[in-house]
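Here is the structure we will look at, set down as structure tokens.
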Ligand SMILES: Cc1ncc(COP(=O)(O)O)c(C=O)c1O
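In this note's numbering, the protein residues as written are 37 to 397.
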């Protein structure tokens with residue numbers, strides 16, 4: 037069996053060592069004689085796993101004690117709606133910074149539950165740059181400020197945490213969580229769909245300042261209320277036990293990699309290698325994003341002649357480089373360089389790109 041280099045935007049590569057361990061443990065997890073998927077989430081064994089996963093995540097991100105960690109379901113999309121339900125009361129407004137497709141979606145899904153104020157947008161620039169913090173028109177009475185630190189489709193990333201004063205900062209970290217150290221204390225709430233840097237789809241990790249959990253008492257079913265999830269250790273109903281297990285293995289893998297400082301350095305080196313190859317190709321390949329806004333995780337690029345796209349995709353796949361097709365909204369190519377994509381994969385991609393350019397001229 038040979039594993040390809042997987043550049044998928046999500047669901048994305050999972051570290052081979054994590055998959056191999058899951059494979060070894062699939063039929064008999066932790067001496068139970070059963071798969072982790074076959075055990076009660078209320079049992080001692082699974083509760084131990086859940087607690088360890090949370091402890092490892094807390095260690096990796098140095099999460100302060102006044103923050104709760106939740107392991108939820110529904111994808112990031114469900115939380116686009118659930119966040120305003122939990123953080124905004126009747127008549128409140130919230131500021132949204134829209135710097136790509138997902139920010140747009142977060143704002144539109146929030147609209148039934150909160151007055152959405154688009155406080156900054158780079159839509160007029162086709163999301164090729166970021167609305168700078170100075171340009172944001174924030175309302176100090178807003179219930180919260182929401183932004184998307186890394187836009188997966190457009191390949192733009194904020195490299196600094198914006199200062200929004202006392203208004204809670206809420207961030208969709210789906211495509212860059214755990215890619216480098218993060219100062220959690222700067223945020224009110226962060227959340228991430230798992231299927232890029234954490235594990236399989238179907239799990240959402242949320243880190244929320246505990247005082248915010250008590251903020252809103254609008255009528256809503258318990259299942260939507262984050263305070264209830266926190267009070268029940270994210271087990272108000274049956275959680276995604278398999279996703280939680282794989283997330284836990286991924287956290288252990290990240291610790292074994294040297295933690296997020298080491299992982300962040302590696303991610304930086306990977307992205308730099310690919311951007312250098314694109315910029316140094318004499319226009320054969322192009323990434324149109326403003327240099328300071330370029331994402332370390334998702335690198336969209338085009339070929340100088342789109343008639344070569346099909347050949348590029350076919351030949352790259354034959355060379356063992358998977359999922360380089362760009363998002364349909366942008367066309368061209370996209371390489372996602374999440375944590376589980378090693379430097380060798382990017383080296384392989386870069387040498388393929390050089391070779392392709394030499395052969396196709
Ligand atoms: C930044 C970002 N936010 C939200 C989503 C949507 O996530 P989900 O499909 O888990 O709802 C994605 C999915 O790719 C994403 O990249």
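Built from N, CA and C at the ideal position, the CB exists for glycine as well.
Could you tell me how far apart the beta carbons of residue i and residue j are, in whole angstroms, since I believe they sit closer than 8 angstroms?
{"i": "residue 110", "j": "residue 240", "result": "6 angstroms"}
{"i": "residue 440", "j": "residue 206", "result": "Given a span of 37 to 397 for the chain in the structure shown, any question on residue 440 remains unanswerable."}
{"i": "residue 190", "j": "residue 136", "result": "4 angstroms"}
{"i": "residue 374", "j": "residue 232", "result": "5 angstroms"}
{"i": "residue 123", "j": "residue 218", "result": "No, residue 123 and residue 218 are not in contact; Cβ-Cβ is about 20 angstroms, not under 8 angstroms."}
{"i": "residue 48", "j": "residue 372", "result": "6 angstroms"}
{"i": "residue 357", "j": "residue 316", "result": "Between residue 316 and residue 357 the Cβ distance is about 19 angstroms, and since that is not below 8 angstroms, they are no contact."}
{"i": "residue 296", "j": "residue 335", "result": "21 angstroms between Cβ atoms; not a contact."}
{"i": "residue 348", "j": "residue 314", "result": "About 13 angstroms separates the two Cβ atoms, so there is no contact after all."}
{"i": "residue 367", "j": "residue 342", "result": "7 angstroms"}
Measure from the alpha carbon of residue i to the alpha carbon of each residue in the options, then state which is nearest.
{"i": "residue 260", "options": "338, 380, 291, 121", "result": "121"}
{"i": "residue 187", "options": "333, 342, 352", "result": "333"}
{"i": "residue 127", "options": "112, 147, 347", "result": "147"}
{"i": "residue 256", "options": "66, 55, 88, 149", "result": "149"}
{"i": "residue 154", "options": "175, 164, 162", "result": "175"}
{"i": "residue 362", "options": "151, 388, 322", "result": "322"}
{"i": "residue 215", "options": "162, 194, 66, 90", "result": "194"}
{"i": "residue 202", "options": "212, 209, 221", "result": "221"}
{"i": "residue 312", "options": "350, 382, 246, 294", "result": "382"}
{"i": "residue 113", "options": "349, 347, 228, 367", "result": "228"}
{"i": "residue 204", "options": "168, 277, 246, 213", "result": "246"}
{"i": "residue 159", "options": "355, 350, 72, 138", "result": "138"}
{"i": "residue 38", "options": "355, 386, 367, 387", "result": "355"}
Closer than 8 angstroms by C-beta to residue i: which residues in its own chain qualify, once you throw out the five before and the five after it? Chain order, please.
{"i": "residue 68", "result": "75, 81"}
{"i": "residue 118", "result": "110, 260, 262"}
{"i": "residue 78", "result": "271"}
{"i": "residue 250", "result": "263"}
{"i": "residue 254", "result": "121, 125, 126"}
{"i": "residue 177", "result": "129"}
{"i": "residue 58", "result": "281, 282, 285"}
{"i": "residue 300", "result": "215, 216, 217"}
{"i": "residue 96", "result": "214, 287, 290, 291, 295, 296"}
{"i": "residue 274", "result": "77"}
So is residue i buried or exposed if we call it buried at 16+ other beta carbons inside 10 Å?
{"i": "residue 166", "result": "buried"}
{"i": "residue 369", "result": "buried"}
{"i": "residue 100", "result": "exposed"}
{"i": "residue 115", "result": "buried"}
{"i": "residue 365", "result": "exposed"}
{"i": "residue 268", "result": "exposed"}
{"i": "residue 352", "result": "buried"}
{"i": "residue 292", "result": "exposed"}
{"i": "residue 331", "result": "buried"}
{"i": "residue 391", "result": "exposed"}
{"i": "residue 389", "result": "buried"}
{"i": "residue 210", "result": "buried"}
{"i": "residue 199", "result": "exposed"}
{"i": "residue 277", "result": "buried"}
{"i": "residue 70", "result": "exposed"}
{"i": "residue 145", "result": "buried"}
{"i": "residue 90", "result": "buried"}
Excluding the 5 residues flanking residue i on each side, which residues of the same chain have their C-beta closer than 7 angstroms to its C-beta?
{"i": "residue 359", "result": "42, 43, 44"}
{"i": "residue 344", "result": "396"}
{"i": "residue 288", "result": "92"}
{"i": "residue 272", "result": "258, 259, 264, 265"}
{"i": "residue 140", "result": "134"}
{"i": "residue 235", "result": "50, 279, 282, 283, 286"}
{"i": "residue 270", "result": "106, 107, 108"}
{"i": "residue 172", "result": "133, 155, 156"}
{"i": "residue 164", "result": "324, 325, 326"}
{"i": "residue 230", "result": "236, 237, 239, 240, 241, 279, 283"}
{"i": "residue 54", "result": "282, 285, 286, 289"}
{"i": "residue 52", "result": "39"}
{"i": "residue 298", "result": "none"}
{"i": "residue 88", "result": "284"}
{"i": "residue 302", "result": "379"}
Kindly list the residues whose CB is nearer than 6 angstroms to the CB of residue i, restricted to its own chain and excluding five residues on each side of it in sequence; keep chain order.
{"i": "residue 320", "result": "340, 393"}
{"i": "residue 225", "result": "206, 244"}
{"i": "residue 197", "result": "222"}
{"i": "residue 72", "result": "65, 281"}
{"i": "residue 151", "result": "129"}
{"i": "residue 46", "result": "231, 232"}
Q: Report yes or no: do three or more beta-carbon pairs, one from the region 304–318 and one from the region 372–381, lie closer than 8 angstroms?
A: In this structure the region 304–318 touches the region 372–381; the number of beta carbon pairs closer than 8 angstroms is three or more.
(Q) Check whether the region 176–185 and the region 121–137 touch, using three or more Cβ-Cβ pairs below 8 angstroms as the test. (A) Short answer: they touch.
Q) Any chance the region 82–89 sits against the region 52–62, with 3 or more Cβ pairs inside 8 angstroms? A) Segments in contact, no.
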